[in-house]
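Chemist: Chains as they are written, first to last, in the working numbering: chain A, 1 to 298; chain L, 299 to 596. Even for Gly, the Cβ is constructed at its ideal location relative to N, Cα and C. From a predicted model like this one, the values you see are computed outputs, not experimental measurements.
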């Protein structure tokens, strides 16, 4: 018997992910607050449901991709939420970036209803979502992971079962720690080159071939050179993710000085007029502002 | 007429680079303070010279790979230095990491002697030196770069003419800025995973497939997991390179907060007993020490 899937939240990431599930031949029921976002899915043969509860009634595996902890809670347990329509033994898969602590609480509440949760945040951006090449970091029970693995295959190229409930979200936090420090390093490197009168494009080209190679240097470094800050991944969402790290780390934040620094600088960027909607590569403008003395030093 | 090359400084990087030049069929004269280091070169058909001046008398292009600014100055202008034996129109190629300011001064002095300098520091480590896949960042005149380009082909896979004298060393400084911040991000990410009770090896595996991919995560992340701090690239040399950045940046250092932070933490590592001789991936132990409250917060 084929697994019937559901997908709730058809935003920049969710819509192409749901389309990839459908194109891989999986039976799919979808819901989005903005019905327009569901149109390509319906054209591809998905069923449209008018609430998260209705999706849950139709599906054994329900994917969610919404914006933050509060939105996940509303989709799960709000009026006409998933909990109101859960099938016995259903698996809910949260593919957004949610705090590990909230994730563990949601998992406990779903277990009390005879269902289970996998946390499965992703890395790779809209391009990875479209191409089905996301990195997917999964937390939850191994048996649930095994059941959903064939569906993950349609979404990602690197699917790793990291550990129990919340472990996927911890991995995503680690991802954002590594990405933020790298982004800061690339911004400082290109700014230093410019300050020294050396062409930053040639510096980037030279660095791409050696130990400094990173996907961030390749993609965000190019955006910094072109001053192309069309998202991509919005600075305000990057800041939100670093806020999750800060909240989870608690006292341990003192041992994450680069993460703390990146969070402070990302906050400065977001607090500029409208910059929160720019790609997070715009962090380079904060470094440049500090160099020019227009922004106080960190 | 074939260019005759020389190579001075046959250390961890210089020896395999010189061997690659020789194996590519280039006529080669070598010199090292420790004659034992020259033995594999002589076995491969290189001539052995007893001083930098003697190398210079035999070669049109003289490569140098020594430890720091003072060593470069001694090889160039000290007793029996290159300057004492320079052929007319010779090109000296400094492949070590030297400060941009000292590089520009050396280039000026060599020009006064009818010779020229290319600064050509590398990235890619001992493995890249052996495999001939280094990234080579070159500063100097375009005509000199064109003359040496066929020789660079034997050494590196990514050879970029960055700009005029010193520009290669600026690019190398940028490389160390990007590498240091990335190293710090990887150390913090893996430490955060451990602090949250999540397997850092699985986190690294998940991160390798997404936006957090970097060569540092791949190579140094693995060393951090294995607690394998056999160099590789020694922490004291990494600190030396960050000292160059600090000296060159001057007042602009305030706009390089992640670089400054990495420099401070690398200094803490080096000041531990013997840790300067460890691979710079040992930076993770400083982060762990801060988490455990054994090392004061940055």
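How many angstroms separate the CA atom of residue 525 of chain L from the CA atom of residue 577 of chain L?
Modeler: Along the second chain, one-based indexing puts residue 525 of chain L at 227. Along the second chain, one-based indexing puts residue 577 of chain L at 279. Roughly 10 Å between the two C-alpha positions.
Chemist: Output the distance between the C-alpha atoms of residue 396 of chain L and residue 546 of chain L, rounded to the nearest integer angstrom.
Modeler: Here residue 396 of chain L corresponds to residue number 98 of the second chain, with the count starting at 1. Here residue 546 of chain L corresponds to residue number 248 of the second chain, with the count starting at 1. Each residue's Cα considered, the two are about 11 Å apart.
Chemist: How about residue 327 of chain L and residue 356 of chain L: are their beta carbons less than 7 Å apart?
Modeler: By 1-based counting over the second chain, the position of residue 327 of chain L is 29. By 1-based counting over the second chain, the position of residue 356 of chain L is 58. Yes, the pair counts as a contact, with Cβ atoms nearer than the cut-off.
Chemist: Return the chain-ordered list of same chain residues with a C-beta closer than 6 Å to the C-beta of residue 145 of chain A, the five sequence neighbours on each side being excluded.
Modeler: Counting from 1 along the first chain, the entry for residue 145 of chain A is found at position 145. Hits under 6 Å: 138, 161.
Chemist: In three-state terms, what does DSSP make of residue 473 of chain L?
Modeler: The residue you call residue 473 of chain L lines up with position 175 of the second chain. Three-state DSSP puts residue 473 of chain L in a helix.
Chemist: What do you reckon, are the CB atoms on residue 418 of chain L and residue 390 of chain L nearer than 7 Å?
Modeler: Along the second chain, read from residue 1 onward, the residue named residue 418 of chain L stands at position 120. Along the second chain, read from residue 1 onward, the residue named residue 390 of chain L stands at position 92. Result no, Cβ atoms of residue 418 of chain L and residue 390 of chain L do not sit closer than 7 Å.
Chemist: For residue 389 of chain L, does the three-state DSSP call read helix, strand or coil?
Modeler: For this step, residue 389 of chain L is matched to residue 91 along the second chain. Strand at residue 389 of chain L.
Chemist: Among A:127, A:225, A:105, which residue has its Cα nearest to the Cα of residue 199 of chain A?
Modeler: Numbered from its first residue, the first chain carries residue 199 of chain A at position 199. Comparing Cα positions, the closest option is A:225.
Chemist: Residue ranges of each beta strand (DSSP E) run of no fewer than 3 residues wholly in the region 233 to 257 of chain A, ordered along the chain?
Modeler: Counting whole runs of 3 or more residues, the region 233 to 257 of chain A contains no beta strand (DSSP E) stretch at all.
Chemist: Is the separation between the beta-carbon of residue 566 of chain L and that of residue 582 of chain L shorter than 7 Å?
Modeler: One-based indexing of the second chain puts residue 566 of chain L at position 268. One-based indexing of the second chain puts residue 582 of chain L at position 284. No, Cβ-Cβ distance for residue 566 of chain L and residue 582 of chain L is not below 7 Å.
Chemist: What distance in whole Å lies between the Cβ atoms of residue 217 of chain A and residue 472 of chain L, which are believed to be in contact at a cut-off of 8 Å?
Modeler: The count along the second chain starts at 1 and reaches residue 472 of chain L at position 174. The count along the first chain starts at 1 and reaches residue 217 of chain A at position 217. The Cβ separation is near 10 Å, so there is no contact.
Chemist: Compare the Cα-Cα distances from residue 84 of chain A to each of A:244, A:65, A:41, A:114 and report the closest residue.
Modeler: Locating residue 84 of chain A in the first chain gives position 84, where the first residue counts as 1. Nearest C-alpha to residue 84 of chain A: A:114.
Chemist: Are the C-beta of residue 192 of chain A and some C-beta of chain L separated by less than 7 Å?
Modeler: Within the first chain, numbered from 1, the residue matching residue 192 of chain A stands at position 192. So yes, residue 192 of chain A belongs to the interface.
Chemist: Does the count of Cβ pairs from the region 287 to 297 of chain A and the region 550 to 561 of chain L closer than 8 Å reach three?
Modeler: Yes: at least three Cβ pairs fall under 8 Å.
Chemist: Can the beta-carbon of residue 25 of chain A be found less than 7 Å from the beta-carbon of residue 62 of chain A?
Modeler: Taking the first residue of the first chain as 1, we reach residue 25 of chain A at position 25. Taking the first residue of the first chain as 1, we reach residue 62 of chain A at position 62. No.
Chemist: Rounded to whole angstroms, what's the CA-CA distance from residue 486 of chain L to residue 519 of chain L? Just pull it up for me.
Modeler: Counting from one through the second chain, the residue named residue 486 of chain L turns up at place 188. Counting from one through the second chain, the residue named residue 519 of chain L turns up at place 221. Each residue's Cα considered, the two are about 11 Å apart.
Chemist: For residue 203 of chain A versus residue 469 of chain L, is the C-beta spacing smaller than 7 Å?
Modeler: Start at 1 with the first residue of the first chain, and residue 203 of chain A comes out as number 203. Start at 1 with the first residue of the second chain, and residue 469 of chain L comes out as number 171. Against a cut-off of 7 Å, the Cβ pair of residue 469 of chain L and residue 203 of chain A comes out as a contact.
Chemist: Tell me residue 517 of chain L's beta-bridge partners as DSSP assigns them.
Modeler: Position 219 of the second chain holds residue 517 of chain L. Answer is none; residue 517 of chain L lacks a bridge partner.
Chemist: Out of curiosity, what's the CA-to-CA distance linking residue 179 of chain A and residue 571 of chain L?
Modeler: By 1-based counting over the first chain, the position of residue 179 of chain A is 179. By 1-based counting over the second chain, the position of residue 571 of chain L is 273. Approximately 31 Å between the Cα atoms of the pair.
Chemist: On the three-pair Cβ rule with 8 Å, is the region 526 to 541 of chain L touching the region 129 to 143 of chain A?
Modeler: The region 526 to 541 of chain L, when compared against the region 129 to 143 of chain A, does not touch it at the 8 Å Cβ threshold.
Chemist: Under the rule that 16 or more other beta-carbon atoms within 10 Å means buried, what is residue 2 of chain A, buried or exposed?
Modeler: For the purposes of this step, residue 2 of chain A is taken as the residue at position 2 of the first chain. Per the 10 Å Cβ criterion, exposed.
Chemist: Would residue 212 of chain A pass as an interface residue toward chain L - the criterion being a Cβ-Cβ separation below 7 Å?
Modeler: Residue mapping note: residue 212 of chain A aligns to position 212 of the first chain, counting from 1. Chain L, which has a Cβ nearer than 7 Å to the Cβ of residue 212 of chain A, makes this yes.
Chemist: Please list the partners that residue 526 of chain L has in chain A, where partner means a Cβ-to-Cβ separation under 9 Å.
Modeler: What you label residue 526 of chain L is simply residue 228 of the second chain in a count that begins at 1. Neighbours of residue 526 of chain L on chain A: none; closest Cβ ~17 Å, over 9 Å.
Chemist: Using only the alpha-carbon positions, how far apart do residue 375 of chain L and residue 415 of chain L sit?
Modeler: Counting from 1 along the second chain, the entry for residue 375 of chain L is found at position 77. Counting from 1 along the second chain, the entry for residue 415 of chain L is found at position 117. Their backbone Cα atoms lie some 13 Å apart in a straight line.
Chemist: Taking only the alpha-carbon atoms, compute the straight-line gap between residue 366 of chain L and residue 307 of chain L and give it to the nearest angstrom.
Modeler: By one-based count along the second chain, residue 366 of chain L stands at place 68. By one-based count along the second chain, residue 307 of chain L stands at place 9. Spanning the two alpha carbons is a distance of roughly 12 Å.
Chemist: Under 7 Å between beta-carbons, which chain A residues line up against residue 561 of chain L? List them in chain order, please.
Modeler: Within the second chain, residue 561 of chain L is the residue found at index 263, counting from 1. Those within 7 Å of residue 561 of chain L in chain A number zero; the least Cβ separation is about 12 Å.
Chemist: Using the C-alpha atoms, what's the distance from residue 169 of chain A back to residue 253 of chain A?
Modeler: Sequence index remark: in the first chain, residue 253 of chain A carries index 253 (1-based). Sequence index remark: in the first chain, residue 169 of chain A carries index 169 (1-based). For residue 253 of chain A and residue 169 of chain A, the distance between alpha carbons rounds to 17 Å.
Chemist: Just to confirm, are residue 350 of chain L and residue 380 of chain L a CB contact at a threshold of 7 Å?
Modeler: Here residue 350 of chain L refers to the residue found at position 52 of the second chain. Here residue 380 of chain L refers to the residue found at position 82 of the second chain. In this structure, residue 380 of chain L lies closer than 7 Å to residue 350 of chain L by Cβ.
Chemist: Comparing alpha-carbon positions, which option in A:281, A:72, A:15 lies nearest residue 185 of chain A?
Modeler: The sequence position of residue 185 of chain A within the first chain is 185, counting from 1. Cα-wise, what sits closest to residue 185 of chain A is A:281.
Chemist: In this structure, does DSSP put residue 360 of chain L in helix, strand or coil?
Modeler: Counted from its first residue, the second chain places residue 360 of chain L at position 62. Strand.
Chemist: For a quick check, are the C-beta atoms of residue 431 of chain L and residue 394 of chain L less than 7 Å apart?
Modeler: In the second chain, counting from the first residue as 1, residue 431 of chain L sits at position 133. In the second chain, counting from the first residue as 1, residue 394 of chain L sits at position 96. No, the pair does not count as a contact, with Cβ atoms beyond the cut-off.
Chemist: Can you say whether residue 318 of chain L is buried or exposed, counting buried as having 16 or more other CB atoms within 10 angstroms of its CB?
Modeler: Here residue 318 of chain L is taken as the residue at index 20 of the second chain, counted from 1. Classification of residue 318 of chain L: buried, given that the 10 Å Cβ count is 16 or more.
Chemist: Given residue 275 of chain A, which residues of its chain have a CB within under 7 Å of its CB, disregarding the five upstream and five downstream residues?
Modeler: Walking along the first chain from the start, residue 275 of chain A turns up at place 275. Cβ within range, chain order: 235, 269, 282.
Chemist: According to a CB-to-CB cut-off of less than 9 Å, which residues of the region 135 to 151 of chain A neighbour chain L?
Modeler: So the list reads 135, 136, 137, 138, 139, given in the order they occur along the chain.
Chemist: Relative to the alpha-carbon of residue 34 of chain A, which residue among A:148, A:46, A:15, A:44 has its alpha-carbon at the smallest distance?
Modeler: Translated into the one-based positions of the first chain, residue 34 of chain A becomes position 34. Selected option, being the one with the closest Cα: A:15.
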